[in-house]
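Chains A and B supply the protein sequences, listed in that same order.
In terms of the numbering used here, the first sequence opens at residue 93 and continues consecutively.
In terms of the numbering used here, the second sequence opens at residue 93 and continues consecutively.
Don't be surprised by glycine CBs; every beta carbon is placed ideally from N, CA and C.
The structure appears below as structure tokens.
Number of protein chains: 2
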Amino acid sequence: MKQKLVAGIDIGGTNTTFGLVDSKGTIIYKETIVTEHYTLPENLVAVVVEHIQKSITGYADKYELAGVGIGAPNGNYFNGCIVFAPNLKWKGIVPIAKMFEDKLKVKAVLTNDANAAAMGEMIFGGAKGMKDFIFITLGTGLGSGIFVNGEMVYGHDGFAGELGHVIMFSDGRQCGCGRKGCLETYCSATGIITTYKLNTQYSGLKTITSKYIYEKALAGDVDALDAFNYTGDILGLALANSVAYTSPEAIFLFGGLALSGDFIFKPTIESFEKNLLNIYKNKIKILPSELKENDAAILGAASLIWNEIK
Amino acid sequence: MKQKLVAGIDIGGTNTTFGLVDSKGTIIYKETIVTEHYTLPENLVAVVVEHIQKSITGYADKYELAGVGIGAPNGNYFNGCIVFAPNLKWKGIVPIAKMFEDKLKVKAVLTNDANAAAMGEMIFGGAKGMKDFIFITLGTGLGSGIFVNGEMVYGHDGFAGELGHVIMFSDGRQCGCGRKGCLETYCSATGIITTYKLNTQYSGLKTITSKYIYEKALAGDVDALDAFNYTGDILGLALANSVAYTSPEAIFLFGGLALSGDFIFKPTIESFEKNLLNIYKNKIKILPSELKENDAAILGAASLIWNEIK
């Protein structure tokens, strides 16, 4: 009998990465193309499908394609459509899951990129066997995926789990969503850069990255350390509040900022425990994601199908 | 064949109310005793059991007892224990579900009072057929029950859904939980009384109730109207944030304050829509509970069993 393989596709504003993943989470094929080269989604789908078909043909004696998992900004699980994604060129509503199903004749499942990564953490990462956990991606923004009773929380409309847009301060920093004070304006790469610039009254021309701030912190720079502490303070409070909703067993942090180790984990955990309601104290773990940065997108997307097959 | 009846028991700091409920939510028998008359939980259980047995004997040709649902402060679904409830005299961990099971020889299910009422809303109230909703009780404090994918959110430890203790302002009002700025210090009967007293610089001896503020508002009193607006402002923001977690189809408001009609619903809904992320706007209903104030506790408790039988 042939073994099953799943295609995992991560459509991002810049690149689209896709690959073939076996049941153990081994990526046996991987490819990246530039999303914005494709002015129509049909064109991108055609190219991805061609690559996947070609690749799986090479393993035709051993493997068969069992499904396609897709992570994309504003990807909706219920209708399989990318819905008005602000950082994609394709406007309106794109029925991306159906487009892949029609071409590849297997089931396709779509959700947003953070949800896909959260599923990856459960199927292939540190959340294996957990029924209730929260997964946070600290990238340009702050994304999240929430699991309750062993299932992804999609909400009634497929758009649950937008913790980056919880309002922390009513008159806080301007957010890209049009409102003010959203969590991601503080706790993300963008957020810590803003904080660092405010700390240092930075007005230079050099583009500051979160990696730069990390390196400064490593060198003992007080403003950089303070930026991490401030970020962790707010993130810890937000996570403590999120516990009051779903009381998870653990909260996973993923993404660039989460790779800063103690610089971000220490102040986050301190603030988290300080702000937790008594009944929750000292029993909820804040952990680094066990997904590798480079593989997470494909593994996460593929895990959407593996979760249904398992 | 005999029809099934379920016992619903609501153990409160002051009174314990219990009754027998049929599958349609009709309460065919109802009784109230004073909780604090019973220094040991065993004594209260014995009296409640006696009443229930006596009552069901009267219907023995028609009905049989199918289970016992219990709502109690700090009631834990997973272990069936009341765990260190600050407003009950019984200290420590009380295995209340097992105590009822041993005496009545039927299944007993326990959860906290707000969760029980939320279940009541789904089985017998306005949330019938909904899979994702949030239920808020505005009483002395603010309690909540969250449903996701048609199931109650208990969390990994049985303590999920404590929205009253989401911290809204880090240096806000002192909360009974020991922390500051919790939602319930603003949005509850206690909260609106505090707001009204601050508005009026009240320092009199008369005990102010939320009903008094409601009557003042009815009479057009500016400070009372302002207290409702302030409460609704904060509640609307908190509910908008809660949507970012579970994206519910509706949010139900229950309890004394929720009976104030437009005084509380109008500012809450205004603030809610203003503070919602774009993708959620104009599609989530904020509704008054359809459970009758006097029956909700028993119906809610009984619905815990009806949910499992259905």
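Contact between G167 (chain A) and N204 (chain A) holds, since their C-beta atoms are separated by about 5 Å, short of 8 Å. A:L349 is the residue among A:Y372, A:L349 and A:I390 whose C-alpha sits nearest the C-alpha of T232 (chain A). P380 (chain B) sits in a strand when the DSSP states are folded into three classes.
The DSSP assignment places 281-292 as complete runs of the alpha helix (DSSP H) inside the segment 273-303 of chain B, in order along the chain (cut-off: 4 residues). If you check the CB distance, L157 (chain B) and L97 (chain B) come in under 9 Å. Contacts with chain A at 9 Å (Cβ-Cβ) do not include P187 (chain B).
Not a single CB atom of chain A sits nearer than 9 Å to the CB of M211 (chain B). Interface with chain B (9 Å Cβ-Cβ cutoff): C269 (chain A) is included. Remark: C-beta atoms of G105 (chain B) and L391 (chain B) do not approach each other more closely than 9 Å.
Secondary structure remark: continuous beta strand (DSSP E) runs of at least 3 residues inside the segment 197-250 of chain B, in chain order: 200-203, 225-230 and 234-240. The straight-line gap separating the alpha-carbon atoms of P165 (chain A) and I401 (chain B) is approximately 41 Å. Residues of chain B with a Cβ closer than 9 Å to the Cβ of D249 (chain A) are, in chain order, D224, S339, E341, I371, Y372, K375 and I376. The beta carbons of Y372 (chain B) and L327 (chain B) sit no closer together than 9 Å. Spatial neighbours of K358 (chain A) in its own chain (CB-CB distance under 8 Å, excluding positions within 5 residues in sequence) are listed in chain order as G324. Two segments are said to touch when three or more pairs of C-beta atoms, one from each, lie closer than 8 Å; by this definition the segment 123-143 of chain A does not touch the segment 103-118 of chain B.
Nearest neighbour of I120 (chain B) by Cα position, chosen from B:M93, B:Y151 and B:E128, turns out to be B:Y151. When C-alpha distances from K366 (chain A) are compared across B:R271, B:A330 and B:A200, the shortest belongs to B:R271. Look at the segment 102-186 of chain A and you find these whole runs of beta strand (DSSP E), each 3 residues long or longer: 107-113, 119-126 and 155-163. Counted as a single uninterrupted DSSP element, the beta strand (DSSP E) harbouring L345 (chain A) occupies residues A342 to F346. Straight across, the Cα-Cα distance linking E213 (chain B) with I378 (chain A) is about 34 Å. Counting only Cβ-Cβ distances below 8 Å, S395 (chain B) has no contacts in chain A at all, with the closest Cβ about 18 Å away. Judged by pairs of C-beta atoms under 8 Å, the segment 219-236 of chain A touches the segment 329-347 of chain A, as three or more such pairs exist. A direct Cα-Cα distance of roughly 12 Å separates I174 (chain B) from D102 (chain B).
In this structure D224 (chain A) is in contact with P340 (chain A), their Cβ atoms being roughly 5 Å apart against a cut-off of 8 Å.
In the three-state scheme derived from DSSP, where H, G and I count as helix and E and B as strand, G328 (chain A) is classed as helix. In this model, Q293 (chain B) and F355 (chain B) are separated by some 21 Å (Cα to Cα). Classified as exposed, K197 (chain B) has fewer than 16 neighbouring CB atoms from the shown chains inside 10 Å of its CB. In this structure, DSSP gives A393 (chain B) a helical state, which the three-state scheme calls helix. A Cβ-Cβ distance of about 7 Å is found for the pair G172 (chain A) and I188 (chain A), placing them in contact under the 8 Å criterion. The beta carbons of C274 (chain A) and V258 (chain A) sit closer together than 9 Å. Among the residues of the segment 142-155 of chain A, none has a Cβ less than 9 Å away from any Cβ of chain B.
Burial check for H129 (chain B): the Cβ neighbour count within 10 Å stays below 16, so the residue is exposed. Using a CB distance cut-off of 9 Å, L180 (chain A) does not count as an interface residue toward chain B. Taking 9 Å as the threshold, the shortest C-beta distance from H129 (chain B) to chain A does not fall below it. By alpha-carbon distance to C267 (chain B), the top candidate from A:E362, A:T118, A:L369 and A:T360 is A:L369. Contacts with chain B at 9 Å (Cβ-Cβ) do not include I174 (chain A).
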